[in-house]
Structures are given as structure tokens and as C-alpha cells.
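Protein chains: 2
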Amino acid sequence: MSSNFYALIMAGGTGTRLWPVSRQTQPKQAIELVGNRTMFQHAVDRLNAILSPERIMVVTAREYVDALEAQVPDIPRENFIVEPMARGTAGAIGLAAVHLGHRDPEAVMAVLTADHYIRDVDQFCRALAAASQVAEEGHIVTLGIKPSFPSTGFGYIRRRERVRQVDGFDVYVVERFVEKPDAARAAEFLASGLYSWNSGMFIWRIDRIMGEFARQMPDVYAQLQEIETVLDTVRQTEVLCQVWPQVRKETIDYGIMEGAENVVVMPVEIGWTDIGDWAAIYELHQSDEHGNVVVGSSHVGVDTSSSFIRGSKKLIATVGLEDVIIIDTDDAMLICARDQAQNVKLIVEQLQKDGRTEYL
Amino acid sequence: MSSNFYALIMAGGTGTRLWPVSRQTQPKQAIELVGNRTMFQHAVDRLNAILSPERIMVVTAREYVDALEAQVPDIPRENFIVEPMARGTAGAIGLAAVHLGHRDPEAVMAVLTADHYIRDVDQFCRALAAASQVAEEGHIVTLGIKPSFPSTGFGYIRRRERVRQVDGFDVYVVERFVEKPDAARAAEFLASGLYSWNSGMFIWRIDRIMGEFARQMPDVYAQLQEIETVLDTVRQTEVLCQVWPQVRKETIDYGIMEGAENVVVMPVEIGWTDIGDWAAIYELHQSDEHGNVVVGSSHVGVDTSSSFIRGSKKLIATVGLEDVIIIDTDDAMLICARDQAQNVKLIVEQLQKDGRTEYL
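For the record, the sequence lines run as chains A and B.
First residue of the first sequence? That's 1338 in this note's numbering, and the numbers climb one at a time after it.
First residue of the second sequence? That's 1338 in this note's numbering, and the numbers climb one at a time after it.
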């Protein structure tokens, strides 16, 4: 990879649909959901072949930073960029871009996620290398995921003509970004063959993204400039804490991508899975002959099939169950129909409403 | 009640279908399954109105006696008859009859169970009073339960002509006892109107039951006689421990009732329920507007109905469940389809096979 290529791992999310393992103090990216590595560790591991730890940046929230730092001891502490409070992905990415531009004005930056699983890491790395070439030329590159079903849970990217090919990857001009569609439109999108899922992974030159901030979000750009002037000075924390609460909350998609110039999409097939809920995690595992996945738990089952059982210490016995998710933790357990895994967030909402903060 | 009426509560069973609450060291009768009293306490409480504690006998196993004694401090310690090992209901009842006959040769004895629930305690007491009158006259009386469905899980009693009426209770000559039938025969039995379920509750004079032992099980009768000669002597324990291992295992139904003379059945409607499994216990509770029963647990549910949740300390969250039984204990939890509650015994069998005695 070129010597000015850097990755930024977005690690600030929460993940209420993965309760009771995911909690406020232990968010989705900080927990082991696939194998014996956390999602954040997976996100770092994926880059091993192409980036040294010094060139991996992380943006996260104050309350998660200690846990995340401990998980990746090779990444220098100064590479962790901490938001005083969440301001949406636009703010988080802008803050990281300012830090990175301060360090290397020529940087090419890949914005990556910690809450997706990528099965084909080799292909992912090849895609990043190809995308970095395209980004070097001044394009804003998005990695698009080939839709495997008419999902209503992702944003879509509609492409226009192909502009080039790099190392076997096609690169298309983006016609437009589309927010999460309803089922009928999602089916149309899938049938047309012209749409990719928006993976939330972007590759661009620092000067290009800062230029887009200046043009499309001049207020935030000014705030970012104010922060940049004091970076690496004693006033850094003070200014950040003054400025940040005033930054408006916005997503990178709505704030920048939809109106950006010279945006291209590079569709990739890298075994990408959104780790959105327990049903998705079940799908990532190899199941036994009854279709069951049992993780870290002592399980005894009678007439149990197509179920996901993740335990802690307790013996879990099941009788006559199909398509059920069972998640046991020290203080709370979830039993959920597999096709209703999305609704686990309603449990978290109910606990919030009831003021049962000990379980949040 | 007449001054020589006594009750014997059979409290020696185990109850593997109520795992994980019921364990080897904490059998079905020793645990709270309905309300805040154990099944054994319920069995004693039911007799409050008609019997003083001094006239309630208990037969149980060595390993349960301490726990059971502690639950009913009013019952004298000497009223607990302890079998050195299980020898079936014939042996247990014979041993208790020998003790009781030694104490009161004129005794009328009601054999009662600790593993059934009886909703209408008043009617139950009236039935016992009526049955004791019939027993005084020399009949072997069985309490029959009017079948509410074609159960294949109970024995049946077929009646012949009515011989008398006592306090509003009809008393019929027993034509025969029938072991657990298959579904087709159970349906026939129900349709005929001539059958009662065998409740396992019997009322008789001591001399009558000992006479039946002498006639039908002379070997056991001789062994019981040998024990009787040393009751209240220093040799009591020694002789019991010598004799008891040789007593043959037999049920009272097969060993005595099926061949007994002058047997009558008194059908009763007392809200009798076999506490055979968790589904039966669910049925005994008043459910909420979603059909759920939640016992002693902190539960939060989304789209959950017709389910039984019994917890200990842990928060139990459910999403998208119907007809499920969830039983949480400190070291083990059960999640079971409500219509497969009978199969919980297969879990216990599996644990036995795996040598996981800590969960038994």
C-alpha cells in the first residue's frame, strides 16, 4: 500500500439489538460475537496484511476508549480519537480527518466499520488497495455490497456508467444514494441490478473530504478548523470541549456523500455481513446437524433445532424448540424467536422506560 | 372426624419432569410449585380442618426426611416413617400401616398424596369424612377423580352398581382397576361415563389392609410382622435395615388393590390436578391478559403469550414467544415448549447418562 494510506475504524456505536451482551458500557464492537475476537479486534485484524498498527486510527466515545485500547495494544494510544459526545458520523469522520490531515496532509483515508463481519479478508484487502488508487486520483470512493436479498435495513447506491477497472474491480459513477427503502422498492432495486448496499466504507484523500466539508457543511468545517489550529497544543482538549457540543448532528451520507462531487462506487464481494442482531450472528456460525449453534455454553437439548444458544456459566436445557435464540449473561437472559431478533431493541427501550439502568 | 382416623401422606417421590427446580436432594414435594407453600405443606394444610398434626403420618425416604420435617414443625417427629430404600408404594404403605396399627389397632387410615394439587379443600375434607364412614364398615375405599379429558397418564377405575350414598357422595362397587390406557381406550373410558381416574388416595381400616397383605402378599406380610414385633424397641432400626432390602418392589395397585375384596370407589370433584409437569403448574395459575404466568422473577416481554416464566435472580427478557416454559434456577435453566413439558424427564436422563450429577 502507498505510504500515505491510513484506515479509520469507526467504533462509537452502541447496538441495542445485541442486548443483553451489548450494554452501554460494553458496546457491540467491544464484545466477542464471532470467534474469540471482538468485532473491533476483527476490524483491526483484517488490516494486518496491508497496514501497520501506526496507520490505523480509531474514533470512538469517551466511555469506550479504555476498553478498546486494551483490546489492540499494538495501536498507538494517540491514534484513538475521542469524541466528547456523539455528533453523528459526519462529525466523527470530520474530527478524524482533521487529526489525520494534521499528521499527513497527503493522506488517503479509508473509513471502515467495526460492526460488520467480512468473511473474505483477502478480497477486502485487495479492494482497499484498488480503492486507494482510485482515491489518489481525487475520487470519493464508496465500497458497495452486492445485495443478496431485498433488504429494507440498508441504504442503497445506484450506479451509472463504469468509468474504469482497477485490479479486477469495476468502478462506476454514482447516480445517487438512496435511504433505506420500503420492501417494494427494495425488490425493484434488487431486480434492476444497478444498486449496491451502502457499506458505510469510504476511501478518499484528506484534501478532497475537507473540501467537501468546506463546500457542503461550512459551519462544521469552521468548527473543525478551530479544533485543528490547537491540535498538539495544551489548548486541544479545552477547545474540543467548547466546540464539540455546538457541532450539529449529521450523518456522513446525508451531510456529505449525497451532494459530493466525483463520487464513485466500487462493488465488492467480500462476504460482508451486517452484525445487526443475534439472528445475523447465528447465520455466521457453522451449525450442527440439527441446525443449532451453541457458543461458550453448557447445553443439553431434546428435540431442539435451528436455534442459537450462547451461555455464560449456567447449564441451559432446551426441549421442543425451533428457531429460538437464547442468550445468557450473568445478570440477564434473552429468549427470542429467531425471526424477531430485530425487536430485542424493544426490550432495551422498555428497560430504559422502566428506569432499570442496571441492565442497560 | 372419628377419634381413630389418621392420614398418611406419601412423600417419597422424585419428579424428574419438574427439573431443574426438582432435584434428587430437593424432590417435587419439597418445593414451592403453587403459591408460597411446598406441595408437602399443601398436603398437610389441606387436613387442618379435620385432623390435628398428631394424627398426620408421613412416609418418605431417608434423604428427604430432614427437609420435610423442617417444613411442618407441628407434626411430631415420630410420625415420620422412613424407608431405608424405596420398595414401591405397597411396601411404603405396608410399613406405615404396621406403625399405625401398633399405635392404634382400631385406626382408619387415609392414604394421601403430596404430588397432587387439590383446589376445593372443603369438598376434599367432606369426601374424607364420608369415606372414613364407609371404611369403618370394612370397605376398602378409593377416591376416584371424574376424568376431564382422555388422559393416557393415569390409571382408571371402572365402577359397577352404586351400593350407597354418604353425605351426598355416591359409593360404587369397583369392577376393576385398569392401568394407563392408550389414547383410543382412554377415549372409550371417558365416553362410557363408568370410569374414574385412580387418584392414589385410599381409605381403609388397618385390620382390613393388613388382612389383604396377609392374603395377597404373604411374603411382605411376614416381613412387616417381623418389623412390627420390634417397634419401639432398641432393635427397631437394626431389623428394619435387615428386612427392608429383601422386601419386593411392588405398587399398591398391582399388589393389593386389583385383587382386594370389598373395594368401592367414591367419585369426587375436588379440583384435583396431577402436578406432573411444568405445563400442569402453568394451568394452575391465573394468567395475565396475554396468557402469561410469571412467578418470582423479573420479566420483561415483547410479543410474548401463553408462557410460563419462573425465575430466580436473573432478569428474563422474552421476544416473540408463545407457549414456552422458562424455568431459571441458580445453576441451570430450562426452556421448553409447553406441549413438550413431559419430555423434561429426557433432559434428566441425558444428564444422568453424561454423569453430570451436579445438576441432578
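Glycine included, each C-beta is placed from N, C-alpha and C at the ideal position.
Which chain B residues sit within Cβ distance under 9 Å of Ile1684 (chain A)? Position 347 of the first sequence, counted from the start, is the residue given in the question as residue 1684 (chain A). Within 9 Å Cβ-Cβ: Val1637, Gly1638, Val1639, Ala1654, Thr1655, Val1656.
In terms of alpha-carbon separation, which member of A:Thr1426, A:Ile1418, A:Glu1606, A:Val1567 lies closest to Leu1465 (chain A)? Reading the first sequence from its first residue, position 128 is the one you call residue 1465 (chain A). Measuring from the Cα of Leu1465 (chain A), the nearest candidate turns out to be A:Glu1606.
Asn1385 (chain A) in three-state terms, based on DSSP: Taking the first sequence and counting its residues from 1, one reaches residue 1385 (chain A) at position 48. Coil, per DSSP.
If you drop the 5 nearest sequence neighbours on each side, which residues of the same chain put their C-beta closer than 6 Å to that of Ala1404 (chain B)? The sequence position of residue 1404 (chain B) within the second sequence is 67, counting from 1. So the qualifying residues of the chain are Ala1367.
Where Ser1619 (chain A) sits in the DSSP three-state scheme: For the purposes of this step, residue 1619 (chain A) is taken as residue 282 along the first sequence, with counting starting at 1. For the record, residue 1619 (chain A) in the displayed sequence is Tyr; it is not Ser. Residue state, collapsed to three classes: helix.
Determine, for Leu1669 (chain A), whether the minimum Cβ-Cβ distance to residues of chain B falls below 7 Å. By one-based count along the first sequence, residue 1669 (chain A) stands at place 332. A small correction: the amino acid at residue 1669 (chain A) is Ala; Leu does not occupy that position in the sequence shown. Yes, contact with chain B.
Going along the chain, which residues of the segment 1438-1449 of chain B sit with their C-beta nearer than 7 Å to a C-beta in chain A? none
Pull up the DSSP beta-bridge partners for Trp1534 (chain B), would you. Residue numbering aside, residue 1534 (chain B) sits at position 197 when the second sequence is read from its first letter. According to DSSP, Trp1534 (chain B) bridges with B:Ile1482, B:Tyr1493.
Have a look at Ile1418 (chain A) and Lys1483 (chain A) and give me their C-alpha separation to the nearest angstrom. What you label residue 1418 (chain A) is simply residue 81 of the first sequence in a count that begins at 1. What you label residue 1483 (chain A) is simply residue 146 of the first sequence in a count that begins at 1. In a straight line, the C-alpha of Ile1418 (chain A) is about 31 Å away from that of Lys1483 (chain A).
Could you check whether the segment 1597-1605 of chain B touches the segment 1432-1444 of chain B, counting it as contact only if at least three pairs of C-beta atoms, one from each stretch, sit closer than 8 Å? no
Looking at the strands, I want to know which residues DSSP matches up with Leu1697 (chain A). Locating residue 1697 (chain A) in the first sequence gives position 360, counting from the first residue. The partner list for Leu1697 (chain A) (beta bridge, DSSP) is empty, contrary to what the question assumes.
With a CB to CB cut of under 7 Å and the five nearest residues on each side skipped, what residues in its chain are close to Val1631 (chain B)? Here residue 1631 (chain B) corresponds to residue number 294 of the second sequence, with the count starting at 1. Taken in chain order, the residues that qualify are Ile1646.
Taking 8 Å as the threshold, find out whether the segment 1520-1532 of chain A comes into contact with the segment 1563-1570 of chain A through three or more Cβ pairs. no
CB of His1453 (chain B) to nearest heavy atom of the ligand SAM: below 6 Å? Annotation note on the ligand SAM: not contained in the displayed structure, which lists no ligands.
For Tyr1558 (chain A), which three-state DSSP category applies? Position 221 of the first sequence, counted from the first residue, corresponds to residue 1558 (chain A). In this structure, Tyr1558 (chain A) counts as helix in the three-state DSSP scheme.
Three-way DSSP call (helix, strand, coil) for Ser1469 (chain A) in this model: For this step, residue 1469 (chain A) is matched to residue 132 along the first sequence. Here Ser1469 (chain A) sits in helix by DSSP.
With 8 Å as the limit, tell me which residues of the segment 1460-1474 of chain B have their beta carbon closer than that to any beta carbon of chain A; keep them in chain order. none
Name the chain A residues that come within less than 8 Å of Pro1357 (chain B), Cβ to Cβ? Residue numbering aside, residue 1357 (chain B) sits at position 20 when the second sequence is read from its first letter. Going along chain A in sequence order, the residues near Pro1357 (chain B) (Cβ under 8 Å) are Leu1652, Ala1654.
Answer yes or no: does any C-beta atom of chain A fall closer than 7 Å to that of Gln1677 (chain B)? The sequence position of residue 1677 (chain B) within the second sequence is 340, counting from 1. Gln1677 (chain B) counts as touching chain A.
When the Cα of Gly1608 (chain B) is compared with those of B:Cys1462, B:Asn1341, B:Met1547, which residue comes out closest? Position 271 of the second sequence, counted from the start, is the residue given in the question as residue 1608 (chain B). Of the candidates B:Cys1462, B:Asn1341, B:Met1547, the one whose C-alpha sits nearest the C-alpha of Gly1608 (chain B) is B:Cys1462.
Near Arg1496 (chain B), what residues of its chain come up, given a Cβ to Cβ distance below 8 Å and the 5 sequence neighbours on each side ignored? Along the second sequence, one-based indexing puts residue 1496 (chain B) at 159. Gly1481, Tyr1509, Val1510, Val1511, Glu1512, Leu1531, Tyr1532, Ser1533, Val1602, Pro1604, listed in sequence order.
Would you call the segment 1369-1380 of chain B and the segment 1420-1428 of chain B in contact, with 3 or more CB pairs under 8 Å? no
For the beta strand (DSSP E) containing Thr1647 (chain B), list its first residue and its last residue. To locate residue 1647 (chain B), count along the second sequence from 1; it is residue 310. The sequence given here has Arg at residue 1647 (chain B), not Thr. First-last of the beta strand (DSSP E) with Arg1647 (chain B): 1645-1647.
Quick check on this structure: which residue in B:Lys1682, B:Ala1386, B:Arg1542 has the alpha carbon closest to the alpha carbon of Val1458 (chain B)? If you number the second sequence from 1, residue 1458 (chain B) lands on position 121. Of the listed residues, the one whose Cα sits closest to Val1458 (chain B) is B:Ala1386.
Determine whether the Cβ of Asn1629 (chain A) lies closer than 7 Å to any Cβ atom of chain B. Locating residue 1629 (chain A) in the first sequence gives position 292, where the first residue counts as 1. Answer no: the Cβ-Cβ gap between Asn1629 (chain A) and chain B never drops below 7 Å.
Which residues, taken in chain order from the segment 1606-1621 of chain A, show a beta carbon closer than 7 Å to some beta carbon of chain B? none
Going by C-alpha distance, which of B:Ala1344, B:Ala1669, B:Gln1470, B:Ile1612 is nearest Lys1651 (chain B)? Taking the first residue of the second sequence as 1, we reach residue 1651 (chain B) at position 314. It is B:Ala1669 whose Cα lies nearest to the Cα of Lys1651 (chain B).
At the 7 Å Cβ level, is Val1632 (chain B) part of the contact set with chain A, yes or no? Translated into positions along the second sequence, residue 1632 (chain B) becomes position 295. No, no contact with chain A.
Going along the chain, which unbroken runs of the alpha helix (DSSP H) with 4 or more residues stay wholly within the segment 1587-1675 of chain A? 1589-1592, 1615-1621
Does the pairing of the segment 1633-1644 of chain A with the segment 1387-1404 of chain A give three or more beta-carbon distances under 8 Å? no
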